[in-house]
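Novice:
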Amino acid sequence: MNREMNNNLMERYLYDVIRRIPEQQKEDIKKELQTLIQDMLEERVGDRKPTDQELAAVLTELGNPADLARKYRGEEKHLIGPRYYDQYWFLMKIVLVCAGAGMVISTIITAFVESAGMVFSDTYLPFGELAEQIFPFWSIPSILVCIFGYITIAFAVIEHFQIRLDLKIGTWSPEKIPQIPNKKVSISRVESTFGVVFQIIFASVFCFIPHLLGVWLEQGESMVIIPVFHMEIWNQVLPFLIGSFLMGLINEVVKLIAGRYNTAVAISTVLTGAIGFCLAVIAFKFYDIWNPQFVSEIEKITGNIFAGDWDVLRYWNTSAISNILLLIIFVGYVVECAKAIYCAIRYDK
Amino acid sequence: MSQMDEIVTSMKLELRRGTIVLCVLSQLKKPQYGYSLVQNLESSNVSVDTGTLYPLLRRLEKQGLLESEWETDSNKPRKYYRRTMLGDKVFIELEQEWKKMVTSMELLIRGN
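Chain order of the listed sequences is A and B. Take 1 as the starting number for the first sequence in this note's numbering and just add one per residue. Take 350 as the starting number for the second sequence in this note's numbering and just add one per residue.
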């Protein structure tokens with residue numbers, strides 16, 4: 001009984017190692033290991049028959065069949081090893097950034113162009129649905145994961161067959177060392193990233209849920225929202241607002257890439273700001289952007305009439321509001337330009 | 350103390366790993382089979398993991414430094430390994446390199 005169990009255990013171990021070995025070496029390694037195990041047992045127990053525990057101890061000493069087989073095959077435990085890792089990672093970063101940015105930007109631009117085209121048509125299509133038709137935004141992360149997977153698989157194959165690969169990227173030379181950042185003119189990457197995120201959030205709110213921007217009132221059991229914007233013509237106004245945000249976004253991205261105020265950032269600030277401002281002017285001045293029923297709707301729901309001297313809503317003057325907003329935008333623009341130009345002239349070179 | 354033990358153990362392992370090929374080559378002027386080689390090295394206080402040694406012998410054979418032969422007289426078939434001519438040349442070079450290294454290290458450690 002003992003002997004059967006012994007043989008069984010040893011046979012099983014041998015089989016588990018051998019099945020992972022290439023065909024031509026199977027027989028050879030099996031003979032070798034069999035003798036080795038017998039030698040090891042003999043050393044421990046002499047001439048008598050070894051017990052199961054003793055056999056198990058020897059097998060434990062030899063180690064995991066998978067590991068032993070791997071040592072015989074001469075492989076390292078790497079999906080992507082040191083030989084290729086730098087190139088793999090460098091390629092991955094470039095591809096993911098380009099693909100991701102490309103998808104996001106092309107979607108926004110296409111949607112922008114499409115919705116601008118709708119200014120001249122009568123069909124109303126909410127911006128959200130429009131963007132979704134062109135390219136669903138939430139599929140972007142899963143597409144990026146797919147790209148990651150394909151590149152990783154490709155490199156795993158390269159690693160397995162040890163294919164010669166010399167991409168000459170990620171190589172280093174003294175010229176490539178970046179400048180020491182000058183504290184006075186460096187643009188915090190954190191700030192720029194926040195800038196980008198906020199632009200996107202604002203743009204998204206304006207695209208997808210503009211009707212939520214307004215006054216929230218209780219009417220009986222439910223909530224009613226009086227939007228502050230003129231929803232009926234929103235689709236006509238939206239392209240200009242989006243364009244304005246897009247300009248802001250482009251400028252933030254330029255600042256993010258540059259990392260410091262230089263000529264490129266100055267030019268970008270001036271240009272994008274000018275275009276953005278013009279688009280904002282068009283949106284606010286040439287279109288009836290504010291909800292003309294705003295005050296009257298509120299009066300209807302709440303049952304108040306805003307006629308008293310202390311009623312703020314009596315003074316709701318849409319053109320004044322537009323002017324104030326545009327003035328704020330303009331002043332901000334001038335200040336940004338001044339700072340960017342000054343820094344570029346003084347510190348760039 | 351156990352953290353230091355861990356560090357020292359892993360560094361000792363590195364040292365051994367670097368010298369195992371030379372140890373093995375040095376013993377194979379005469380043919381030996383795997384397990385006898387293990388016991389041989391053990392008796393000179395060089396402990397080697399059996400699971401590492403056998404694949405190593407195969408690798409050296411593949412590189413042309415060793416040749417092998419199956420002996421089937423006893424009831425246990427045994428694979429004997431032995432240095433080839435190339436193996437002899439490589440061994441001599443390695444041995445000289447080793448002597449140089451030992452001298453340098455003695456100088457560094459003794460400091461003179």
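Yeah, the Cβ is synthetic: ideal placement off N, Cα and C, and Gly gets one too.
#1: Listing by chain order, which chain B residues have their CB less than 7 Å from the CB of K77 (chain A)?
#2: Counting only C-beta atoms, is P380 (chain B) closer than 8 Å to chain A at any point?
#3: Classify V224 (chain A) as helix, strand or coil using the three-state DSSP reduction.
#4: What do you get for G195 (chain A), buried or exposed, if any count of 16 or more other CB atoms within 10 angstroms of its CB means buried?
#5: Output needed in chain order: residues of the region 60-72 of chain A with a Cβ under 8 Å from some Cβ in chain D.
#6: In chain order, what are the residue ranges of uninterrupted beta strand (DSSP E) at least 3 long that sit wholly in the region 209-261 of chain A?
#7: Name the chain A residues that come within less than 9 Å of K448 (chain B), Cβ to Cβ?
#8: What three-state label does DSSP hand L14 (chain A) in the structure shown?
#9: Taking any Cβ of chain A, which residues in the region 393-416 of chain B have a Cβ under 7 Å from it, in chain order?
#10: Which of helix, strand or coil does DSSP assign to K176 (chain A)?
#11: Identify the contact partners of L36 (chain A) in chain B, using a Cβ-Cβ distance below 8 Å as the criterion.
#12: Determine the extent of the beta strand (DSSP E) in which Y430 (chain B) is found, giving its start and end residues.
#13: With a CB to CB cut of under 8 Å and the five nearest residues on each side skipped, what residues in its chain are close to T301 (chain A)?
#14: Any C-beta of chain A within less than 7 Å: which residues of the region 427-445 of chain B qualify?
#15: Any Cβ of chain B within less than 8 Å of the Cβ of E11 (chain A)?
#16: What residues from chain A crowd round K425 (chain B), counting only those whose CB sits closer than 7 Å?
#17: Chain A beta carbons: is any one of them nearer than 8 Å to that of N389 (chain B)?
#18: Please classify Y287 (chain A): does DSSP put it in a helix, a strand, or coil?
#19: How far does the beta strand (DSSP E) with I62 (chain A) in it reach, from first residue to last?
#20: Would you tell me roughly how many angstroms separate the C-alpha atoms of W495 (chain B) and I29 (chain A), rounded to the nearest one?
#21: Give me, in chain order, the residues of the same chain whose beta-carbon lies closer than 7 Å to that of S186 (chain A); leave out the 5 immediate sequence neighbours on both sides.
#22: Find the nearest neighbour of M103 (chain A) within the set A:P82, A:I80, A:I143, A:Y85, judged by alpha-carbon distance.
#23: Would you mind reading off the limits of the alpha helix (DSSP H) that contains S142 (chain A)?
#24: Counting only C-beta atoms, is G74 (chain A) closer than 8 Å to chain B at any point?
#25: Is G436 (chain B) buried or exposed, if buried means 16 or more other CB atoms sit within 10 Å of its CB?
#26: Among B:K438, B:T452, B:K449, B:L415, whose alpha-carbon lies nearest the alpha-carbon of Q381 (chain B)?
#27: Taking L279 (chain A) as the reference, give the member of A:E27, A:L238, A:Q293, A:I298 with the closest Cα.
#28: How big is the Cα-Cα spacing for A344 (chain A) and A266 (chain A)?
#29: Among the residues of its own chain, which have a CB less than 6 Å from the CB of M247 (chain A), if the five just before and after it don't count?
#30: So, under 8 Å CB-CB, I381 (chain A) and Y88 (chain A) are touching, yes? Tell me the CB distance rounded to an integer number of Å.
#31: When DSSP builds the beta bridges, which residues end up paired with S351 (chain B)?
#32: Note down the Cα distance separating T269 (chain A) from S244 (chain A), rounded to an integer number of angstroms.
#33: Pick from A:A66, A:V215, A:A340, A:M40: whose alpha carbon is nearest that of Y13 (chain A)?
#34: Work out the CA separation of K49 (chain A) and M1 (chain A) for me, nearest whole Å.
#35: Which of the three DSSP states, helix, strand or coil, is assigned to W316 (chain A)?
#36: At a CB-CB cut-off below 8 Å, which residues of chain B make contact with E32 (chain A)?
Specialist: The relevant details are as follows:
#1: In the first sequence, counting from the first residue as 1, residue 77 (chain A) sits at position 77. The contacting residues do not exist; K77 (chain A) stays about 14 Å from chain B at best.
#2: Position 31 of the second sequence, counted from the first residue, corresponds to residue 380 (chain B). With 8 Å as the cut-off, P380 (chain B) does not count as an interface residue toward chain A.
#3: Start at 1 with the first residue of the first sequence, and residue 224 (chain A) comes out as number 224. Three-state DSSP puts V224 (chain A) in a strand.
#4: Here residue 195 (chain A) refers to the residue found at position 195 of the first sequence. So G195 (chain A) ends up on the buried side.
#5: Checking the listed chains, one finds no chain D in this structure; the protein chains it contains are A and B.
#6: 214-219, 222-227
#7: Sequence index remark: in the second sequence, residue 448 (chain B) carries index 99 (1-based). Within 9 Å Cβ-Cβ: nothing; K448 (chain B) doesn't reach chain A, min ~30 Å.
#8: As a working note, residue 14 (chain A) is residue 14 in the first sequence. The answer is helix: DSSP assigns L14 (chain A) an H, G or I state.
#9: T399, G400, T401, Y403, P404, R407, R408
#10: Counted from its first residue, the first sequence places residue 176 (chain A) at position 176. Note: K176 (chain A) maps to helix in three-state DSSP.
#11: In the first sequence, residue 36 (chain A) corresponds to position 36, counting from 1. Those are G383, Y384, T399, Y403, listed as they occur along chain B.
#12: Start at 1 with the first residue of the second sequence, and residue 430 (chain B) comes out as number 81. Per DSSP, Y430 (chain B) belongs to the beta strand (DSSP E) from 427-432.
#13: The residue labelled residue 301 (chain A) in the question sits at position 301 within the first sequence. Looking at the sequence shown, residue 301 (chain A) is not Thr but Ile. The residues are L217, Q219, V224, I226.
#14: R427, K428
#15: Within the first sequence, the letter at position 11 stands for residue 11 (chain A). Cβ-Cβ to chain B under 8 Å: no for E11 (chain A).
#16: For the purposes of this step, residue 425 (chain B) is taken as residue 76 along the second sequence, with counting starting at 1. Within chain A, the residues near K425 (chain B) are T35, Q38.
#17: For the purposes of this step, residue 389 (chain B) is taken as the residue at position 40 of the second sequence. So no, N389 (chain B) is outside the interface.
#18: Taking the first residue of the first sequence as position 1, residue 287 (chain A) is located at position 287. Note: Y287 (chain A) maps to coil in three-state DSSP.
#19: On the first sequence, position 62 is the one that residue 62 (chain A) refers to. For the sequence presented, residue 62 (chain A) should be read as Leu rather than Ile. First-last for L62 (chain A): 52-62, but that is the alpha helix (DSSP H), not the beta strand (DSSP E).
#20: Only positions 350 to 461 of chain B appear in this structure, which leaves residue 495 (chain B) out of reach.
#21: Here residue 186 (chain A) refers to the residue found at position 186 of the first sequence. Cβ neighbours of S186 (chain A) beyond the five flanking positions: G259, R260.
#22: The residue given as residue 103 (chain A) occupies position 103 in the first sequence. Measuring from the Cα of M103 (chain A), the nearest candidate turns out to be A:I143.
#23: Taking the first sequence and counting its residues from 1, the one referred to as residue 142 (chain A) is at position 142. Where S142 (chain A) is concerned, the enclosing alpha helix (DSSP H) stretches over 139-161.
#24: Walking along the first sequence from the start, residue 74 (chain A) turns up at place 74. With 8 Å as the cut-off, G74 (chain A) counts as an interface residue toward chain B.
#25: Position 87 of the second sequence, counted from the first residue, corresponds to residue 436 (chain B). Buried: at least 16 other Cβ atoms inside 10 Å.
#26: Here residue 381 (chain B) is taken as the residue at index 32 of the second sequence, counted from 1. Ranking the options by Cα distance to Q381 (chain B), first place goes to B:L415.
#27: Sequence index remark: in the first sequence, residue 279 (chain A) carries index 279 (1-based). Comparing Cα positions, the closest option is A:L238.
#28: As a working note, residue 344 (chain A) is residue 344 in the first sequence. As a working note, residue 266 (chain A) is residue 266 in the first sequence. About 6 Å.
#29: Within the first sequence, residue 247 (chain A) is the residue found at index 247, counting from 1. Closer than 6 Å at Cβ, skipping near neighbours: T272, I275, G276.
#30: Nothing in the structure corresponds to residue 381 (chain A), since chain A is present only between 1 and 349.
#31: Within the second sequence, the letter at position 2 stands for residue 351 (chain B). The partner list for S351 (chain B) (beta bridge, DSSP) is empty, contrary to what the question assumes.
#32: Stepping through the first sequence from its first residue, residue 269 (chain A) is reached at position 269. Stepping through the first sequence from its first residue, residue 244 (chain A) is reached at position 244. In a straight line, the C-alpha of T269 (chain A) is about 13 Å away from that of S244 (chain A).
#33: Walking along the first sequence from the start, residue 13 (chain A) turns up at place 13. It is A:A66 whose Cα lies nearest to the Cα of Y13 (chain A).
#34: Your numbering for residue 1 (chain A) matches position 1 in the first sequence. Your numbering for residue 49 (chain A) matches position 49 in the first sequence. Since pLDDT at M1 (chain A) reaches only 46, below the 50 mark, its modelled position is unreliable, and no value is offered.
#35: In the first sequence, the residue the question calls residue 316 (chain A) occupies position 316. Coil, per DSSP.
#36: Working through the first sequence from its first residue, we reach residue 32 (chain A) at position 32. What E32 (chain A) touches in chain B: G383, Y403, K428.
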